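Here is the structure we will look at.
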Amino acid sequence: MNSSLIDPNFVITDEALLRSRFHDVTPLATLKSLPSLDAHARAFIALSPFLCIGTQNADGDADVSPRGDPAGFVKVLDPTTLAIPDRPGNNRLDSQVNILTNPHVGLLFIIPGFDDTLRVNGRATLTVDPGILSGLEAKGRAPKLAMIVEVEEVFLHCAKAFRRSHLWDASRFRDRAELPSLSKMILDQTTGAPQTDDEMRAIDADLEIEYAKTLY
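In structure tokens:
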């Protein structure tokens, strides 16, 4: 952080000072926090094809990672236990490594077209139990491991962020051409991108082939 950009006279350092700038939390906003998955939470998870998972390592360094699959890919094993399949990725294993030293996780479930979301906080364990993995198969393939989340808190989150961002308004969708391809951006950030458009298009095409081959 560039500390020269922050005037220490305006830094908030305690919760009392923080809360003094906001209205009191409503009783309902506190009461809505549940210790387990009720029927509404289970139904929300069953319709969700996408979530974000927040983790931290032992030093508190934070990370957020997406997970996606057909709706209902996260399985509710019981009212306080979720199973999340680990599909093929880039093998950085950021979330998984963090969980080994700090099991606390935060999940944000999203349903396309819905402005409200579901938040789940708890503790995660990584397992390779064949009995669990077989129940998480997709395209005939079981995941290499699963993340088991012991639910500690679950609550629905209001629609304001999605309403303000107009996230599902197709008239506001951006043209993908406004940014370079993923391949080009990563190459620019690392080894350097090819100089010709033809070479770059070939690399982009190879990435699409790789996606198709390794999605599951």
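For what it's worth, the working numbering labels the leading residue of the sequence shown as 1236, then goes sequentially. The beta-carbon is built from N, C-alpha and C at its ideal position, and this holds for glycine as well. Since this is a predicted model, take the numbers as computed values, not measurements.
When you compare each of Lys1448, Gly1375, Asp1313, Lys1419 to Glu1434 by their alpha carbons, which one comes out closest? Here residue 1434 corresponds to residue number 199 of the sequence shown, with the count starting at 1. Out of Lys1448, Gly1375, Asp1313, Lys1419, the CA that lies nearest to the CA of Glu1434 is found in Lys1419.
First and last residue of the uninterrupted alpha helix (DSSP H) at Phe1344: The residue you call residue 1344 lines up with position 109 of the sequence shown. Element bounds for Phe1344: not the alpha helix (DSSP H) but the beta strand (DSSP E), 1339-1345.
Cβ of Glu1388 less than 7 Å from any chain C Cβ? Absent from the structure is chain C; it holds one protein chain and no more.
Report the three-state DSSP secondary structure of Val1332 (helix, strand or coil). For this step, residue 1332 is matched to residue 97 along the sequence shown. In this structure, Val1332 counts as helix in the three-state DSSP scheme.
Enumerate in chain order the residues of its own chain whose CB-to-CB distance from Ser1369 is below 6 Å, with the five nearest sequence positions on each side excluded. As a first step, residue 1369 must be located in the sequence shown, where it is residue number 134. Answer for Ser1369: Ala1377, listed in chain order.
With DSSP as the reference, identify every bridge partner of Glu1385, one or two as the case may be. As a first step, residue 1385 must be located in the sequence shown, where it is residue number 150. In DSSP, Glu1385 forms a bridge with Thr1316, Arg1358.
How many Å lie between Ala1405 and Asp1304 at the Cα? Sequence index remark: in the sequence shown, residue 1405 carries index 170 (1-based). Sequence index remark: in the sequence shown, residue 1304 carries index 69 (1-based). Those two C-alpha atoms are separated by around 22 Å.
7 Å CB neighbourhood of Asp1351 in its chain, flanking five on each side removed: Within the sequence shown, residue 1351 is the residue found at index 116, counting from 1. Contacts found: Leu1391, His1392, Cys1393, Ala1394.
Bridge-paired residues (DSSP) for Gln1291: The count along the sequence shown starts at 1 and reaches residue 1291 at position 56. Gln1291 is bridged to Ala1297.
Could you pull the start and end residues of the alpha helix (DSSP H) that Pro1365 belongs to? Taking the first residue of the sequence shown as position 1, residue 1365 is located at position 130. Annotation for Pro1365: the continuous alpha helix (DSSP H) segment containing it runs 1365-1368.
Determine the burial state of Asp1410: buried for a count of at least 16 other Cβ atoms within 10 Å of its Cβ, exposed for fewer. Taking the sequence shown and counting its residues from 1, the one referred to as residue 1410 is at position 175. Residue environment for Asp1410: exposed (fewer than 16 other C-beta atoms within 10 angstroms of its C-beta).
Who are Ala1373's beta bridge partners in DSSP? What you label residue 1373 is simply residue 138 of the sequence shown in a count that begins at 1. Beta bridge pairing from DSSP links Ala1373 with Arg1376.
Residues in its own chain within less than 6 Å of Thr1449 by CB, not counting five upstream and five downstream? Translated into positions along the sequence shown, residue 1449 becomes position 214. Non-local beta-carbon contacts of Thr1449 in its own chain, meaning distances under 6 Å to residues more than five positions away in sequence, involve Pro1323 in chain order.
Leu1200 by DSSP, collapsed to three states: which one? Outside the shown range of the chain, which is 1236 to 1451, sits residue 1200, and nothing can be said about it.
Residues of its chain near Leu1299, where Cβ-Cβ distance is below 6 Å and the 5 sequence neighbours each way are ignored: Position 64 of the sequence shown, counted from the start, is the residue given in the question as residue 1299. Here the sequence assigns Val to residue 1299, which means Leu is not the residue at that position. Within the same chain, Val1299 has close Cβ partners Cys1287, Gly1289.
For Arg1302, which beta-bridge partners are listed by DSSP? The residue you call residue 1302 lines up with position 67 of the sequence shown. According to DSSP, Arg1302 bridges with Leu1286.
If we ignore side chains and look at the alpha-carbon of each, how far apart do Gly1357 and Gln1430 end up? As a working mapping, residue 1357 is identified with position 122 in the sequence shown. As a working mapping, residue 1430 is identified with position 195 in the sequence shown. The C-alpha of Gln1430 is placed about 47 Å away from the C-alpha of Gly1357.
Would DSSP call Leu1450 helix, strand or coil? As a first step, residue 1450 must be located in the sequence shown, where it is residue number 215. Three-state DSSP puts Leu1450 in coil, outside helix and strand.
Please report the distance separating the alpha-carbon of Asp1321 from that of Leu1335. Residue 1321 sits at position 86 when you count from the first residue of the sequence shown. Residue 1335 sits at position 100 when you count from the first residue of the sequence shown. Each residue's alpha carbon lies about 15 Å from the other.
Tell whether a beta-carbon distance below 7 Å holds between Val1363 and Leu1380. As a position in the sequence shown, residue 1363 is number 128, starting the count at 1. As a position in the sequence shown, residue 1380 is number 145, starting the count at 1. Leu1380 is positioned such that its CB atom lies closer than 7 Å to that of Val1363.
Sequence-distant residues of the same chain with beta carbon closer than 6 Å to Ala1293, five excluded per side: Mapped onto the sequence shown, residue 1293 falls at position 58. Hits under 6 Å: Thr1336, Asn1337.
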